[in-house]
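Peer 1: Numbering (our numbering), first residue to last: 15 to 325. C-beta atoms are modelled at their ideal positions from N, C-alpha and C, and glycine is treated no differently. Structure in structure tokens, see below.
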Ligand code: NAD
Ligand code: UD2
């Protein structure tokens, strides 16, 4: 029987993680989410789930929550996940993406609160536009937006706290996650959630550029399985791991596969590439592959599951 705190648990990855953890019959889950991007519909109706609609930037609230409950595992997923938002509102997003997380780990440290493992979700964004491929965790980083700066700073804070104060904490850099429950509401939502939405509605889709840009698309089921694995593996500590499929795929290739799976044709046009868009990105996943729990769902299989979840 384990108790989990998941910040951002009403979002895409957080709700998939909640579903996975609830498969173990005695796990209990506490979610803190302000529903700025997540949805109440994503939260299962279960007496093992406690939901607080609240911002993690309320430091007093988070301190009290941590002090008054005993969580075995803490998963930090809450973030303003849109890079574009962090360019528009760098200070406000910084308060969520970095300061709120620092408050949480500082509370754990100063109050000497016991817990088994804390996980923090970082991003491939920390690599920036450096040309070396595939991206390895020991490469130099180049965070080019406040989003990436905050992800990198929080990673470093967590790794340093883990080392300096012997706290069991670990970070991962997610690449392009796709799958059920991803919200297509923003133009900066994951591109495959937008493609799926447009295939279903027939509304127009715009390729930014020629569609030959490449990404490392990783199925959300593999991501939440890896989060659980990192939480349960004591050796994964004071460190950061890429979570990716380790495969490079063009946007054109993945769109063609989705058209085939859905039997629909995308109503597509092309515009210039987005300013600051990275042309190519994929991960060296060998560091996380040292753990037996890591599973790589082939793209065709993950896309089929995604389509089936919507049909
Ligand atoms: P998401 O937007 O679906 O989930 C984030 C959740 O955090 C949302 O439910 C949102 O309502 C909540 N939130 C935002 N601000 C909050 C606040 N102040 N207080 C409480 N809750 C707040 O995004 P996601 O794709 O599920 O991302 C989860 C994490 O993974 C984020 O930290 C994101 O930066 C990171 N990440 C995601 C991807 C990806 O491909 N989806 C890639 C790299 C990193
Ligand atoms: C991802 C992350 C971002 C950051 C970045 C780091 C997501 C949603 N975003 O951005 O947070 O970590 O990686 O490198 O995971 N595109 C279109 N049409 C659309 C939408 C997108 O052509 O309507 C293109 C877009 O220009 C890009 C590609 O699709 O070339 C992927 O876009 P994305 O927003 O899904 O992800 P990315 O890699 O830009």
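Residue 123 bridges to which residues according to DSSP?
Peer 2: Paired residue(s): none; residue 123 is not in a bridge.
Peer 1: Consider the C-beta atom of residue 227 and the heavy atoms of the ligand UD2; say whether any pair is separated by less than 7 Å.
Peer 2: Yes; taking the cut-off as 7 Å, the Cβ of residue 227 has a heavy atom of the ligand UD2 nearer than that.
Peer 1: Going by C-alpha to C-alpha distance, which of 299, 121, 38 and 272 sits closest to residue 315?
Peer 2: Closest by alpha carbon: 272.
Peer 1: For residue 193, tell me which candidate among 185, 291, 207 and 80 has the shortest Cα-Cα distance.
Peer 2: Out of 185, 291, 207 and 80, 207 has the C-alpha closest to the C-alpha of residue 193.
Peer 1: Run the proximity test for residue 137: is its beta-carbon closer than 7 Å to any non-hydrogen atom belonging to the ligand NAD?
Peer 2: Within the cutoff, so yes.
Peer 1: How many angstroms separate the CA atom of residue 139 from the CA atom of residue 295?
Peer 2: Roughly 10 Å between the two C-alpha positions.
Peer 1: Got a sec: does the ligand UD2 put a non-hydrogen atom nearer than 7 Å to the Cβ of residue 186?
Peer 2: Flag unset: Cβ of residue 186 not near the ligand UD2.
Peer 1: Take every Cβ of the stretch 164-174, pair it with every Cβ of the stretch 252-260, and state whether three or more of those distances are shorter than 8 Å.
Peer 2: The stretch 164-174, when compared against the stretch 252-260, does touch it at the 8 Å Cβ threshold.
Peer 1: Could you say if the stretch 219-238 and the stretch 302-322 meet the contact criterion of at least three C-beta pairs nearer than 8 Å?
Peer 2: They touch, by the three-pair rule.
Peer 1: Smallest Cα separation from residue 82: which of 48, 44 and 323?
Peer 2: Here the closest residue by C-alpha is 44.
Peer 1: Got a sec, what are the start and stop residues for the alpha helix (DSSP H) residue 175 sits in?
Peer 2: 160-178 is the span of the alpha helix (DSSP H), which, as asked, contains residue 175.
Peer 1: Below 8 Å, can you find three or more Cβ-Cβ pairs linking the stretch 243-250 to the stretch 285-292?
Peer 2: Judged by Cβ distances under 8 Å, the stretch 243-250 makes no contact with the stretch 285-292, as fewer than three pairs qualify.
Peer 1: Under 8 Å, do residue 40 and residue 58 count as touching if we go by C-beta distance?
Peer 2: It is not a contact, given that the beta carbons lie outside the stated cut-off.
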